[in-house]
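Residue numbers (the working numbering): 38 to 169. Yeah, the Cβ is synthetic: ideal placement off N, Cα and C, and Gly gets one too. Note that the structure is a prediction, hence the values are computed from the model and not measured. Okay, so here's the structure we're looking at.
Here it is, written out as structure tokens:
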């Protein structure tokens, strides 16, 4: 198995794509003519967006995201977390946690997108040498 997609359920797919392009520099891969589904190029896993309305039409009951009580997060890696956070906030993200150095050596910050999804901005995790 291979993780192919993470799909966020949003009110306005085009608006979410525009935010992620501006805030994180991600390239748009696809936006369906209906405006109900779109994708961003994020590397090996696609970050996609689907309209909540579409899911309701399919008999599902998507919930709104809440960055204060998240059930998951998206993590985007960067070598410059403070600059990434500043760019995201300037594009409309809500700051949730300023950059912090973690005990394992990673720098981590959090923002919320306009829909309330929690986004971790972090440096890559450096693999630790096995202790024998």
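Exercise. How do the stretch 131 to 151 and the stretch 80 to 99 stand: do at least 3 beta-carbon pairs fall below 8 Å, yes or no?
Worked result: no
Exercise. In the DSSP assignment, what residue or residues form a beta bridge with residue 78?
Worked result: Locating residue 78 in the chain shown gives position 41, counting from the first residue. 64.
Exercise. At which residues does the beta strand (DSSP E) containing residue 135 begin and terminate?
Worked result: Translated into the one-based positions of the chain shown, residue 135 becomes position 98. Run containing residue 135: 131 to 138, per the beta strand (DSSP E) assignment.
For this session: Quick one: grab the DSSP three-state call for residue 104.
Result: Taking the first residue of the chain shown as 1, we reach residue 104 at position 67. It is coil, neither helix nor strand.
For this session: Using three-state DSSP, classify residue 162 as helix, strand or coil.
Result: For the purposes of this step, residue 162 is identified with residue 125 of the chain shown, where counting begins at 1. In this structure, residue 162 counts as coil in the three-state DSSP scheme.
Problem set entry | Collapsed DSSP secondary structure at residue 86 in the structure displayed | Counting from one through the chain shown, the residue named residue 86 turns up at place 49. Strand.
For this session: Given a cut-off of 9 Å, decide if residue 87 and residue 156 are closer than it, judged by their beta-carbon atoms.
Result: One-based indexing of the chain shown puts residue 156 at position 119. One-based indexing of the chain shown puts residue 87 at position 50. No, Cβ-Cβ distance for residue 156 and residue 87 is not below 9 Å.
Problem set entry | Through-space distance from residue 125 to residue 146, alpha-carbon basis | By one-based count along the chain shown, residue 146 stands at place 109. By one-based count along the chain shown, residue 125 stands at place 88. The alpha-carbon atoms of residue 146 and residue 125 are separated by roughly 11 Å.
Exercise. Any idea what DSSP makes of residue 155, helix, strand or coil?
Worked result: Here the question's residue 155 lines up with position 118 in the chain shown. In the structure shown, residue 155 sits in a strand (DSSP, three-state: E or B).
Exercise. Of all the options 48, 160 and 119, which has the alpha carbon lying nearest to the alpha carbon of residue 93?
Worked result: Locating residue 93 in the chain shown gives position 56, where the first residue counts as 1. Closest by alpha carbon: 48.
Exercise. Leaving out the 5 sequence neighbours to the left and right, which residues in its chain are closer than 8 Å to residue 106 when beta-carbon positions are compared?
Worked result: Against the chain shown, residue 106 aligns to sequence position 69. Here the set comprises nothing.
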